[in-house]
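Enquirer: Numbered per full-length UniProt numbering, the sequence shown spans residues 1 to 512.
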Amino acid sequence: MAARSSTESFVGSIDQGTTSSRFLIFNEAGEVVASSQQEFTQIYPQPGWHEHDPEEIVASVKSCIDSAVTAFKTNGYSISSIKAVGITNQRETTVVWNTHTGEPLYNAIVWTDTRTQSLVRKLKEHETSDTLQSLTGLPLSTYPSAGKLLWLLDNVPRVRDAYENGYLSFGTIDAWLIYKLNGGVDRNVFVTDPSNASRTMFMNIHTLKYDPTLFAFFNLDGEKLHLPRIVHSSDREAYGTLDSTELVNTPITGCLGDQSAALVGQKGFSAGQAKNTYGTGCFLLYNVGESPVISTHGLLTTVAFDFQGKVNYALEGSIAVAGSSIKFLRDNFEFINDSPDISALAETVEDNGGCVFVTAFSGLFAPYWIDDARGTIFGITTYTKRGHIARATLEATCFQTKAILQAMEKDSGHKLKELAVDGGMCNSDLAMQTQADLISIPVKRPAMRETTALGAAIAAGLAVGVWSSIDDIQTTNTEGQTVFNPVMTKDKAESMFALWERAVTMSRGWTN
Ligand SMILES: Nc1ncnc2c1ncn2[C@@H]1O[C@H](COP(=O)(O)OP(=O)(O)O)[C@@H](O)[C@H]1O
Ligand SMILES: O=P(O)(O)OC[C@H](O)CO
């Protein structure tokens, strides 16, 4: 195709999720003009363990960049019109590497991994453990990075060795990717942003700095451990430039944890705005403004974004299992060939036939925090068909979202009037209708669902002036939304929810 003469600028976005990596190129209107996606290996060495190969993650990202850029060029665009790249990523997932060589010292331990259950219980016995949430925004659980790092130090001799000898680098996926995409040891760009650092339990949520009190609690020597420098989520200089791929020398200028990125991509810039992302897990973020609100109802406090010092916080309801339960039915039970087929299977029956599926594969996260629950299906009889299980699987995420919304209303004192959604599982009309029915408010799904990637592109584009301020992008992706209005009676929704809550109570204690 002939070269386009457009003076338009573009922004690339790396979206490194739990199950796949993507690279998307956005124009100034926030539209996707080229993209590429690649799944990578999920490693489950033991029940409850979940790992990724850090090098495979980097390779998948590079391959996506090259494929998308090739398509971009084929469409007549010039590489030089891509002004910057943003990064968004699965959070908490922990990578450790040799500071001198850049070699990973173990597989990445994924956020869903529950191997730290007993370690976390011991930490909870510590007399100051109940102060952690007010300092970090997070309750002690298997979820944040801190416990994963402690496990590595206790169980992997070469990690311990590297730590004792002062060459252990620790980072979440953003820090690892930025380091590797800059060429690793040679340039040693070792940074993270507050939305990612706030998931480690090493950062003080009020100061946005690593806190010696936290290192002392985890019995870590901050001098021995190499941690990424915390910089703004949108920054012209700090993140370096790509040293390879088709986009060599393009600056990386934005970085956001994926749930923060989705909030930005849904333009949840102001207090009172919220979004719910149904990916591998499901995460409801509610912007609470410029001061953190510490939850007393089972939610987390997280950094929504730090745009050149303008910091917004969010209350977060984290669900460990959402789209992954559908993949589970596909891969482990062969109920379906492909995730989208789940809706058709669920529609073969009228309702859940009395089944409730507590999908607690990693215990239950917000607002319950039950670490000793495991996946349990209640109500199975000889009447039960695969369709009932499919329906109960979709409903599980919707029930847990309802519980989170209730907690959020109590913490924030506000009632949401509608829920903005995105993420792979929101493609299921049945799931989104069920969600609207159960929470009795409308659910709004944007036409362009790659809002996580858009959020990282916005962070990067703001840093280099592709957009001069958030006002430039307020109307992006507002056309063509689908609205799911509740049709179920509130009484029916409440009685279904009561059964779910009963099932949650009964799922406790399995791994005790
Ligand atoms: N049409 C669909 N209906 C239901 N679930 C879906 C559909 N399409 C994708 N999914 C689920 O969405 C998840 C992937 O969503 P995505 O937002 O890409 O996740 P991540 O960012 O965690 O990799 C998968 O677990 C998949 O099962
Ligand atoms: O991969 P996702 O989209 O489910 O997101 C993972 C989260 O960041 C984990 O906290």
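Note that the Cβ used here is the ideal one computed from N, Cα and C, for glycine as well.
#1: How about residue 78: is its Cβ closer than 6 Å to a heavy atom in ligand 1?
#2: Would you mind sorting residue 259 into buried or exposed? The rule is 16 or more other CB atoms within 10 Å of its CB.
#3: In whole angstroms, what separates the C-alpha of residue 473 from that of residue 511?
#4: With burial defined as no fewer than 16 other Cβ atoms inside 10 Å of the residue's Cβ, what is the status of residue 264: buried or exposed?
#5: Does the segment 439 to 456 touch the segment 475 to 487, meaning 3 or more C-beta pairs lie closer than 8 Å?
#6: Residues bridged to residue 363 by DSSP?
#7: Can you tell me whether residue 355 is helix, strand or coil according to DSSP?
#8: Is the separation between the beta-carbon of residue 246 and that of residue 66 shorter than 7 Å?
#9: Does the segment 92 to 100 come into contact with the segment 154 to 170, if we say contact requires no fewer than three beta-carbon pairs (one atom in each stretch) closer than 8 Å?
#10: Confirm the yes/no value for this check: CB of residue 158, any heavy atom of ligand 2, distance under 6 Å.
#11: Going by DSSP in three states, residue 176 sits in which element: helix, strand or coil?
#12: What are the start and end residues of the beta strand (DSSP E) that includes residue 420?
#13: Name all residues in chain order for which at least one heavy atom of ligand 2 lies closer than 5 Å to the residue's CB.
#14: According to the neighbour-count rule (16 or more other Cβ atoms, all chains shown, within 10 Å of its Cβ), is residue 101 buried or exposed?
#15: Could you please give me the residues that DSSP links to residue 22 through a beta bridge?
#16: Would residue 268 and residue 423 qualify as a contact pair, given that the criterion is a beta-carbon distance under 7 Å?
#17: Please list the terminal residues of the continuous beta strand (DSSP E) segment that includes residue 193.
#18: For residue 297, which residues from the same chain have a beta carbon less than 7 Å from its beta carbon, with the 5 sequence-adjacent residues on both sides left out?
#19: Which same chain residues, not among the five before or five after residue 374, have their C-beta less than 8 Å away from its C-beta?
#20: Kindly list the residues whose CB is nearer than 8 Å to the CB of residue 513, restricted to its own chain and excluding five residues on each side of it in sequence; keep chain order.
#21: Regarding residue 336 and ligand 1, is the C-beta to nearest heavy atom distance less than 6 Å?
#22: Does the separation of the CB atoms of residue 416 and residue 274 fall below 7 Å?
#23: Below 8 Å on the Cβ atoms is my guess for residue 369 versus residue 134; work out the distance and round it to an integer in Å.
#24: Apart from the five residues on each side of it in sequence, which residues of its chain come closer than 6 Å, Cβ to Cβ, to residue 446?
#25: Report yes if the C-beta of residue 57 is less than 6 Å from at least one heavy atom of ligand 1; otherwise report no.
#26: Tell me which residues share the same chain as residue 497 and place their Cβ nearer than 7 Å to its Cβ, disregarding the 5 neighbours each side in the sequence.
#27: Roughly how many whole angstroms lie between the Cα atoms of residue 167 and residue 188?
#28: In the structure shown, what three-state DSSP assignment does residue 210 receive?
#29: To the nearest angstrom, how far is it from the Cα of residue 83 to the Cα of residue 69?
#30: Would you kindly work out how many angstroms separate the C-alpha atoms of residue 59 and residue 244, rounded to a whole number?
#31: Within this structure, are the beta carbons of residue 229 and residue 92 separated by less than 7 Å?
Expert: Looking at the atomic coordinates:
#1: To locate residue 78, count along the sequence shown from 1; it is residue 78. With a cut-off of 6 Å, the C-beta of residue 78 is classified as distant from ligand 1, since no heavy atom of the ligand falls inside that distance.
#2: Along the sequence shown, one-based indexing puts residue 259 at 259. It is buried - the Cβ of residue 259 has at least 16 other Cβ atoms within 10 Å.
#3: If you number the sequence shown from 1, residue 473 lands on position 473. If you number the sequence shown from 1, residue 511 lands on position 511. Cα to Cα, the separation comes out at about 48 Å.
#4: As a first step, residue 264 is located in the sequence shown; it is residue number 264 there, counting from the start. It is buried - the Cβ of residue 264 has at least 16 other Cβ atoms within 10 Å.
#5: Counting C-beta pairs closer than 8 Å gives three or more between the segment 475 to 487 and the segment 439 to 456, which meets the contact rule.
#6: Here the question's residue 363 lines up with position 363 in the sequence shown. In DSSP, residue 363 forms a bridge with 361.
#7: Counting from 1 along the sequence shown, the entry for residue 355 is found at position 355. Secondary structure of residue 355 (DSSP, three-state): coil.
#8: Numbered from its first residue, the sequence shown carries residue 246 at position 246. Numbered from its first residue, the sequence shown carries residue 66 at position 66. The answer is yes: Cβ separation under 7 Å.
#9: Enough Cβ pairs lie closer than 8 Å, so yes.
#10: Start at 1 with the first residue of the sequence shown, and residue 158 comes out as number 158. Residue 158 Cβ: outside cutoff for every heavy atom of ligand 2.
#11: The residue you call residue 176 lines up with position 176 of the sequence shown. Under the three-state reduction of DSSP output, residue 176 falls in the helix class.
#12: The count along the sequence shown starts at 1 and reaches residue 420 at position 420. Residue range 419 to 422 is occupied by the beta strand (DSSP E) that includes residue 420.
#13: In chain order, the qualifying residues are 17, 18, 90, 91, 111, 258, 279, 280 and 281.
#14: In the sequence shown, counting from the first residue as 1, residue 101 sits at position 101. Label assigned to residue 101: exposed.
#15: One-based indexing of the sequence shown puts residue 22 at position 22. Per DSSP, the beta-bridge partners of residue 22 are 15 and 37.
#16: Along the sequence shown, one-based indexing puts residue 268 at 268. Along the sequence shown, one-based indexing puts residue 423 at 423. For the pair residue 268 and residue 423, the CB atoms are not nearer than the 7 Å cut-off.
#17: If you number the sequence shown from 1, residue 193 lands on position 193. Careful: residue 193 lies outside any beta strand (DSSP E) and carries neither H nor E.
#18: Here residue 297 corresponds to residue number 297 of the sequence shown, with the count starting at 1. Only 367, 407, 410 and 411 meet the Cβ criterion.
#19: Against the sequence shown, residue 374 aligns to sequence position 374. Closer than 8 Å at the Cβ level, and outside the excluded window around residue 374, lie 360, 361, 363, 507, 510 and 511.
#20: Nothing about residue 513 can be read from this structure; the chain reaches only from 1 to 512.
#21: Position 336 of the sequence shown holds residue 336. Flag unset: Cβ of residue 336 not near ligand 1.
#22: Within the sequence shown, the letter at position 416 stands for residue 416. Within the sequence shown, the letter at position 274 stands for residue 274. Cβ distance < 7 Å, so residue 416 and residue 274 count as in contact.
#23: As a working note, residue 369 is residue 369 in the sequence shown. As a working note, residue 134 is residue 134 in the sequence shown. Not confirmed; about 16 Å, so no contact.
#24: Translated into the one-based positions of the sequence shown, residue 446 becomes position 446. Close CB contacts of residue 446 within its chain, under the 6 Å cut and outside five residues either way in sequence, are with 477 and 481 (chain order).
#25: Counting from 1 along the sequence shown, the entry for residue 57 is found at position 57. Not so, every heavy atom of ligand 1 lies at least 6 Å from the Cβ.
#26: Counting from one through the sequence shown, the residue named residue 497 turns up at place 497. Excluding sequence neighbours, residue 497 sits near 399, 402 and 438.
#27: On the sequence shown, residue 167 is found 167 positions in, with the first residue counted as 1. On the sequence shown, residue 188 is found 188 positions in, with the first residue counted as 1. So the two alpha carbons sit approximately 13 Å from each other.
#28: Position 210 of the sequence shown, counting from 1, holds the residue named residue 210. The answer is strand: DSSP assigns residue 210 an E or B state.
#29: Residue numbering aside, residue 83 sits at position 83 when the sequence shown is read from its first letter. Residue numbering aside, residue 69 sits at position 69 when the sequence shown is read from its first letter. Approximately 13 Å, taken between the alpha carbons.
#30: As a position in the sequence shown, residue 59 is number 59, starting the count at 1. As a position in the sequence shown, residue 244 is number 244, starting the count at 1. Their backbone Cα atoms lie some 11 Å apart in a straight line.
#31: Along the sequence shown, one-based indexing puts residue 229 at 229. Along the sequence shown, one-based indexing puts residue 92 at 92. Result no, Cβ atoms of residue 229 and residue 92 do not sit closer than 7 Å.
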